[in-house]
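A quick write-up on the structure given underneath.
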Amino acid sequence: MSIPYLLILFRFLLAPSILLMAWTMGEDATKIILVLMFLGLLSDIFDGIIARKQQVSTEKMRRLDSQTDLVFWLSVALSCYLIYPHLIATKKLGVIALLVMEGLCYSVSLIKFGKETCTHAFLSKIWGLTLLATFTSLLGFAFGGWILASCIVIGIISQLDVILIILILPKWMHDVPSFYHAILIRKGIAFNKSKYLNS
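Numbering-wise, the numbering used here puts 85 at position 85 of the sequence shown, and it's gapless, one number per residue.
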């Protein structure tokens, strides 16, 4: 098994470990979960870099990476809820809206293409950074507040972008930076995708 696949597997295995610690240890697990979260983030960064260097960044790997990301970040989110349910409850409607939008992204992609979404869009990367900041705030400082609210807003915007990408694309593709680039693809206009993948 190549290094990128091992890094993806590592991130996948972190998910149940994080949930188990949140469930059994509660607040005592916050520091450990923080460390595991950042290790998971590093594995996500380096699996893509190494895959491109080794020229093994295939559609299969990108799809597996995308689904593993979903499992990993959902496990961190659920661990935050298990440890600090009262903080998450203050933004309950926003969190529900996020989950609905996430489900909608996958539903639209499955209905149109018969495959899950795998855009790795630029706004999704921005949202990933806000998720990191929000989970760090929750787990490290027991604070949600404005940072959680901002994360919800950015998340909904990024998911709208993904839905637009899916609706605009003439056929299923992975690694589409934005709905604007989906329009370029539909019109047959070339652009430098690696510029966005490496950013």
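Every residue gets a Cβ at the ideal spot worked out from N, C-alpha and C, and that includes glycine.
Boundaries (first-last residue) of the alpha helix (DSSP H) holding residue i
i: H181; result: F179 to K187
i: K92; result: K92 to F113
i: T58; result: First-last for T58: undefined, no H or E at that position.
i: K125; result: F122 to F141
i: D175; result: Segment: none, D175 is in no alpha helix (DSSP H) and carries neither H nor E.
i: A15; result: I3 to M25
i: F149; result: With the sequence shown as reference, residue 149 is identified as Ala, and Phe is not the correct amino acid for it. Unbroken alpha helix (DSSP H) run through A149: G145 to I168.
i: A29; result: From DSSP, A29 is part of no alpha helix (DSSP H); its letter is neither H nor E.
i: A89; result: P85 to A89
Classification of residue i by the beta-carbon crowding that lies within 10 angstroms, buried from 16 upward
i: P85; result: exposed
i: R11; result: buried
i: K171; result: exposed
i: P4; result: buried
i: L35; result: According to the sequence displayed, residue 35 carries Val and not Leu. Classification of V35: exposed, given that the 10 Å Cβ count is below 16.
i: S109; result: buried
i: A89; result: exposed
i: S150; result: exposed
Through-space distance from residue j to residue i, alpha-carbon basis
i: P152; j: Q67; result: According to the sequence displayed, residue 152 carries Ile and not Pro. Straight-line Cα distance between these residues: approximately 20 Å.
i: L132; j: I183; result: 30 Å
i: G144; j: E27; result: 15 Å
i: L20; j: I33; result: 10 Å
i: Y180; j: I165; result: 8 Å
i: E102; j: D69; result: 13 Å
i: F191; j: L169; result: 15 Å
i: I163; j: I111; result: 12 Å
i: Y43; j: L78; result: According to the sequence displayed, residue 43 carries Ser and not Tyr. Computed Cα separation, rounded: 20 Å.
Contact set for residue i: own chain, Cβ-Cβ below 7 Å, skip 5 residues either direction
i: W127; result: I154, G155 and S158
i: I147; result: A133, T134 and S137
i: A51; result: P4, S57 and M61
Sequence-distant residues of its chain with Cβ nearer than 8 Å to residue i (five each side left out)
i: P16; result: S75
i: R62; result: C118, H120, H174 and D175
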